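Notes follow once the structure below has been shown.
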Amino acid sequence: MIIEVLKISQGSVSRIDLYRTFALIAFAQQGHPLSPHLLEVPAKDLPQPELGSLKHLHQLSGALSSDEDSVCTEPLSEDPTILTMNFEDLKQLDTVGVELIPEKKGLFLKHVEYEVTSRRFRTTVYRRYNDFVAFQEMLLQRFPYRLVPSLPPKKMLRADREFIESRRKALQRFTNLVARHPVISRDSLVHTFHTVSGNDLQGKLKDCLRSTGDEFMSSSLATQAKELVPTDFQARFASSRDKLRILTASAGRLRDQAERVALRAVGNATDLQLMGKEMSILASDGTPGTGSQNGCSNTWGVLKRTLKGIPPELTVIADKASQQGKREDEDVVEKLNYLMDLLHSFKELCDRHERGVLHDHQKALQKYGSMKKQMMSTAIQGREPGAVEQLESRIVQQETAIVNMEQRNYYSLFCLHLETQLIHVNLDLVAQAVCSLVASQAQGHREMKIIWEELQPKLHSVIQGCNGTPSSPLSPLTPSPSFPSSPIQTQR
Numbered sequence: 001m002i003i004e005v006l007k008i009s010q011g012s013v014s015r016i017d018l019y020r021t022f023a024l025i026a027f028a029q030q031g032h033p034l035s036p037h038l039l040e041v042p043a044k045d046l047p048q049p050e051l052g053s054l055k056h057l058h059q060l061s062g063a064l065s066s067d068e069d070s071v072c073t074e075p076l077s078e079d080p081t082i083l084t085m086n087f088e089d090l091k092q093l094d095t096v097g098v099e100l101i102p103e104k105k106g107l108f109l110k111h112v113e114y115e116v117t118s119r120r121f122r123t124t125v126y127r128r129y130n131d132f133v134a135f136q137e138m139l140l141q142r143f144p145y146r147l148v149p150s151l152p153p154k155k156m157l158r159a160d161r162e163f164i165e166s167r168r169k170a171l172q173r174f175t176n177l178v179a180r181h182p183v184i185s186r187d188s189l190v191h192t193f194h195t196v197s198g199n200d201l202q203g204k205l206k207d208c209l210r211s212t213g214d215e216f217m218s219s220s221l222a223t224q225a226k227e228l229v230p231t232d233f234q235a236r237f238a239s240s241r242d243k244l245r246i247l248t249a250s251a252g253r254l255r256d257q258a259e260r261v262a263l264r265a266v267g268n269a270t271d272l273q274l275m276g277k278e279m280s281i282l283a284s285d286g287t288p289g290t291g292s293q294n295g296c297s298n299t300w301g302v303l304k305r306t307l308k309g310i311p312p313e314l315t316v317i318a319d320k321a322s323q324q325g326k327r328e329d330e331d332v333v334e335k336l337n338y339l340m341d342l343l344h345s346f347k348e349l350c351d352r353h354e355r356g357v358l359h360d361h362q363k364a365l366q367k368y369g370s371m372k373k374q375m376m377s378t379a380i381q382g383r384e385p386g387a388v389e390q391l392e393s394r395i396v397q398q399e400t401a402i403v404n405m406e407q408r409n410y411y412s413l414f415c416l417h418l419e420t421q422l423i424h425v426n427l428d429l430v431a432q433a434v435c436s437l438v439a440s441q442a443q444g445h446r447e448m449k450i451i452w453e454e455l456q457p458k459l460h461s462v463i464q465g466c467n468g469t470p471s472s473p474l475s476p477l478t479p480s481p482s483f484p485s486s487p488i489q490t491q492r
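So the sequence shown is residues 1 to 492, counted in the UniProt record's numbering.
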């Protein structure tokens with residue numbers, strides 16, 4: 001419509017036509033019917049269009065960007081102190097899969113390789129454990145004020161199959177935590193890790209870090225951090241840290257309990273398989289019996305015939321129980337492990353802030369104070385002018401270093417403010433884990449209930465057959481005189 005009003009032909013657009021287009025967009029937003037007569041006013045009186053929020057445009061740009069040299073560390077929000085993304089927004093950033101390659105590589109020293117797939121970059125690359133180590137080290141140098149997750153240990157005394165699988169899961173959580181971080185995910189280090197093939201990955205990662213430095217050096221918000229940090233942030237941070245410490249302890253216990261629930265389901269499957277095996281042994285017993293041994297009872301014959309059909313049913317139930325255990329391990333335990341990794345990263349971030357920036361700042365102030373005292377002492381004693389000038393030059397350098405450290409300290413606090421919000425966004429994992437547990441338990445009990453109920457008539461036929469009462473194996477279960485159908489009531 002605007003093209004028709006302005007009569008713009010195909011090809012390049014002039015600057016005047018571009019400005020006229022913006023003006024007509026503004027008129028349309030105000031409800032005016034489009035007409036070239038609207039432009040017959042002085043240029044200064046033409047309205048400006050409302051662009052609205054650019055948040056989703058930034059997110060789309062970050063998701064589609066494939067330029068390994070692009071570096072972006074600014075928040076996706078009009079207010080840089082507020083994290084506007086929810087948990088679903090974080091999940092949309094990327095999903096990374098880490099799978100173990102079965103064959104160990106190496107002629108003499110064997111090592112394990114992992115297949116790493118990224119939905120965002122649409123890539124599949126192969127990485128060794130040392131590649132993950134180099135990646136994490138570069139991330140810590142690039143983003144010392146952000147949540148950088150830890151890696152699982154390289155090996156233990158016994159690197160058995162269970163340990164290798166737990167390490168694979170931990171590496172997958174690590175890569176997803178990095179890929180779903182609002183700031184880190186848009187860095188060239190992440191792009192390099194997921195796209196570069198060959199043996200020179202670690203060199204490429206170092207080149208990326210050398211070209212950008214740490215986040216403070218490349219962020220346009222570094223000099224504004226003092227104004228961006230809330231005035232009462234120290235008090236709020238102390239309160240949040242105490243709350244997150246309690247949350248970490250509770251989430252850890254919840255994870256351990258969920259893990260035991262999943263292990264019990266797998267253990268239940270194993271026990272049912274063993275029960276079926278013993279029943280098969282009983283059913284296949286071919287030892288002949290004599291009349292004097294059996295007496296008038298035909299229990300043994302009926303029991304053997306019935307037990308032949310029970311092990312297959314128990315195998316099906318055991319399979320359902322095993323599926324339930326695996327399902328709860330993947331959908332419940334792994335979600336809580338993901339949250340625990342994030343909470344541990346926050347603790348390490350707080351430790352880095354206190355040991356690093358804060359400690360260095362205090363140390364620099366102490367050094368500055370001692371240098372001032374030394375200069376005063378030198379001036380009073382009337383030493384050579386050159387010594388005083390040299391000391392003054394050192395003091396100026398120290399003042400510059402202190403200003404830089406103060407800015408870093410405020411920038412670290414600013415990042416802590418945002419990372420605390422990121423922790424709260426990820427607390428949605430607790431609700432998702434509980435919902436997954438309820439759904440898995442309901443599904444498992446529903447599936448196993450059907451099979452158990454199919455077994456009831458068969459077992460009832462054993463009871464009636466042992467008592468000499470013929471009945472169909474598929475007859476409904478009725479109370480037996482030998483086995484009460486309801487709990488025994490205690491007589492007083």
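Every residue, glycine too, gets a C-beta built ideally from N, C-alpha and C. This structure is a prediction, so every number in the text was calculated from the model and none was measured.
Pairwise C-alpha distance: residue j and residue i
{"i": "glutamate 259", "j": "alanine 433", "result": "12 Å"}
{"i": "leucine 244", "j": "leucine 343", "result": "8 Å"}
{"i": "threonine 81", "j": "glutamate 328", "result": "37 Å"}
{"i": "glutamine 172", "j": "valine 96", "result": "7 Å"}
{"i": "arginine 128", "j": "glutamate 113", "result": "5 Å"}
{"i": "methionine 340", "j": "phenylalanine 22", "result": "50 Å"}
{"i": "tyrosine 411", "j": "arginine 352", "result": "13 Å"}
{"i": "glycine 213", "j": "arginine 142", "result": "6 Å"}
{"i": "proline 473", "j": "glycine 444", "result": "Residue placement at proline 473 is poorly supported in this model, since its pLDDT is 46, which falls under 50; the coordinates are not used for a value here."}
{"i": "tyrosine 368", "j": "glutamate 406", "result": "In this predicted model, tyrosine 368 has a pLDDT of only 47, less than 50, meaning its place in the structure is not dependable; the value taken from the coordinates is given anyway. About 14 Å."}
{"i": "proline 47", "j": "alanine 26", "result": "6 Å"}
{"i": "glutamine 234", "j": "asparagine 176", "result": "30 Å"}
{"i": "proline 247", "j": "arginine 241", "result": "According to the sequence shown, residue 247 is leucine rather than proline. For leucine 247 and arginine 241, the distance between alpha carbons rounds to 10 Å."}
{"i": "arginine 186", "j": "serine 218", "result": "13 Å"}
{"i": "histidine 111", "j": "serine 118", "result": "23 Å"}
{"i": "glutamine 456", "j": "isoleucine 317", "result": "14 Å"}
{"i": "lysine 335", "j": "valine 425", "result": "14 Å"}
{"i": "lysine 206", "j": "threonine 195", "result": "15 Å"}
{"i": "leucine 90", "j": "leucine 39", "result": "44 Å"}
{"i": "proline 144", "j": "leucine 349", "result": "8 Å"}
{"i": "residue 518", "j": "aspartate 200", "result": "The first residue shown for the chain is 1 and the last is 492, placing residue 518 beyond what the model contains."}
{"i": "leucine 151", "j": "serine 322", "result": "29 Å"}
{"i": "glutamate 88", "j": "valine 430", "result": "14 Å"}
{"i": "leucine 314", "j": "tryptophan 452", "result": "9 Å"}
{"i": "arginine 180", "j": "methionine 85", "result": "11 Å"}
{"i": "aspartate 285", "j": "valine 116", "result": "53 Å"}
{"i": "lysine 267", "j": "proline 153", "result": "Residue 267 is actually glycine in this sequence, not lysine. Approximately 27 Å, taken between the alpha carbons."}
Classification of residue i by the beta-carbon crowding that lies within 10 angstroms, buried from 16 upward
{"i": "valine 133", "result": "exposed"}
{"i": "glutamate 165", "result": "exposed"}
{"i": "serine 70", "result": "Below a pLDDT of 50, predicted positions are generally treated as unreliable, and serine 70, at 43, falls in that range; the measurement from the model is reported next regardless. So serine 70 ends up on the exposed side."}
{"i": "proline 311", "result": "buried"}
{"i": "valine 332", "result": "buried"}
{"i": "arginine 120", "result": "buried"}
{"i": "residue 495", "result": "Nothing about residue 495 can be read from this structure; the chain reaches only from 1 to 492."}
{"i": "valine 438", "result": "exposed"}
{"i": "proline 182", "result": "buried"}
{"i": "leucine 413", "result": "buried"}
{"i": "asparagine 337", "result": "buried"}
{"i": "threonine 324", "result": "One point to set straight first is that residue 324 is glutamine, not threonine, in the sequence displayed. Buried, because 16 or more other Cβ atoms sit within 10 Å of the Cβ of glutamine 324."}
{"i": "glycine 423", "result": "Checking the sequence, you will find isoleucine at residue 423 rather than glycine. Answer is buried; the Cβ neighbour count reaches 16."}
{"i": "valine 41", "result": "exposed"}
{"i": "leucine 274", "result": "exposed"}
{"i": "asparagine 130", "result": "exposed"}
{"i": "alanine 251", "result": "buried"}
{"i": "alanine 249", "result": "exposed"}
Limits of the unbroken alpha helix (DSSP H) element including residue i
{"i": "valine 133", "result": "129-142"}
{"i": "residue 522", "result": "The requested residue 522 is not part of the displayed model; the chain covers only 1 to 492."}
{"i": "leucine 90", "result": "87-93"}
{"i": "residue 519", "result": "This structure gives no information on residue 519, because the portion of the chain shown stretches from 1 to 492."}
{"i": "isoleucine 317", "result": "310-328"}
{"i": "alanine 43", "result": "Unbroken run through alanine 43: none, as it is neither H nor E."}
{"i": "leucine 24", "result": "15-29"}
Span of the beta strand (DSSP E) around residue i
{"i": "valine 98", "result": "96-100"}
{"i": "glutamate 115", "result": "113-118"}
Integer Cβ distance of residue i from residue j, believed to fall under 8 Å
{"i": "cysteine 208", "j": "threonine 192", "result": "5 Å"}
{"i": "arginine 236", "j": "cysteine 415", "result": "About 15 Å; that fails the 8 Å criterion."}
{"i": "leucine 307", "j": "alanine 283", "result": "4 Å"}
{"i": "serine 345", "j": "valine 98", "result": "That pair is no contact at about 18 Å."}
{"i": "leucine 100", "j": "arginine 15", "result": "58 Å between Cβ atoms; not a contact."}
{"i": "leucine 34", "j": "alanine 28", "result": "6 Å"}
{"i": "valine 178", "j": "leucine 139", "result": "7 Å"}
Residue i at chain D interface by Cβ criterion, 8 Å
{"i": "phenylalanine 22", "result": "In the structure shown, chain D does not exist; there is a single protein chain."}
Notebook entry, point to check: Whole alpha helix (DSSP H) runs in the segment 174-239 with 4 or more residues, listed along the chain?
Noted result: 188-195, 201-212, 215-218, 225-228
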